[in-house]
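Undergrad:
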Amino acid sequence: MDRHRRKALKLLIVIIVEFFICWTPLFIYHTFGTFDKKFYRSMPSIFVDLILLFSFASLLCNPFTYYFMSKRYRMLNQNLTKKDQEARHIVEALRLHQQQNILEYKQKINKQKSSPPNYIIYQTKFRSNTVQ
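Just so we're aligned, residue 0 is where the sequence shown starts under numbering that gives the first Met the number 0, counting upward by one.
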């Protein structure tokens with residue numbers, strides 16, 4: 000068997016063992032509870048919570064297993080984080096550009112409000128109205 004197949008087989012075995020470790024307590028709990036209804040009531044709630052926690056832990060174990068056992072997974076994960084950082088830089092640049100445009104627009108509006116009206120235009124309009 001070549002090296003890649005052995006690595007894949009090893010990873011598969013680890014994932015299956017993790018699955019059984021995490022889900023077997025819940026399976027046993029429900030199996031006993033199916034045959035003996037008093038079993039559910041007799042089990043302390045802390046044990047039920049731990050059993051459920053083990054089943055949820057299965058979801059947490061897989062990414063770490065893949066990360067530590069697969070070089071390709073690590074590389075893809077690093078590429079994703081680099082792309083995420085690049086995207087953040089692009090978003091930040093766009094945000095700064097937008098802020099600059101807003102600032103320039105506000106300055107332009109304030110300048111128009113603060114400047115005195117153009118009296119030549121008003122006088123011309125006034126004269127044209129009076130001449131007619």
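Cβ atoms here follow ideal geometry from the backbone N, Cα and C, with glycine treated the same way. Given the structure is predicted, the values throughout are model-derived calculations rather than measurements.
Would you mind listing the alpha helix (DSSP H) stretches within the region 23-52 that are 4+ residues and don't spill past its ends, in chain order?
TA: Counting only runs of 4 or more, we get 36-41.
Undergrad: What's the gap between the Cα of Ile89 and the Cα of Asn78?
TA: Distance between the alpha carbons of Ile89 and Asn78: 16 Å.
Undergrad: Could you check how far apart the C-beta atoms of Met68 and Val13 are, in whole angstroms? I think they sit under 8 Å.
TA: Confirmed, Cβ separation roughly 7 Å.
Undergrad: For Met74, does the three-state DSSP call read helix, strand or coil?
TA: Correct three-state label for Met74: helix.
Undergrad: Check Met68 in the structure and name its three-state DSSP category.
TA: Residue state, collapsed to three classes: helix.
Undergrad: Looking only at its chain, what residues have a beta carbon closer than 8 Å to the beta carbon of Ala7, apart from the 5 residues adjacent to it on each side?
TA: Taken in chain order, the list of residues that qualify is empty.
Undergrad: Just to confirm my understanding: we take Trp22, look at its own chain, exclude 5 residues before and 5 after, and list those with CB closer than 7 Å. What are they?
TA: Within the same chain, Trp22 has close Cβ partners Ser54, Ser57.
Undergrad: Could you say which of Lys36, Leu49, Asn109, Ala92 lies nearest to Ile20 if we only look at CA atoms?
TA: Taking only the C-alpha atoms, the option nearest Ile20 is Leu49.
Undergrad: Report, in whole angstroms, the separation of the C-beta atoms of Asp38 and Gly32, which I expect to be a contact under 8 Å.
TA: The amino acid occupying residue 38 in the given sequence is Phe; Asp does not appear at that position. Contact flag correct, Cβ pair sits at about 5 Å.
Undergrad: Buried or exposed: which applies to Met0, given that a residue is buried once 16 or more other Cβ atoms fall within 10 Å of its Cβ?
TA: Exposed, because fewer than 16 other Cβ atoms sit within 10 Å of the Cβ of Met0.
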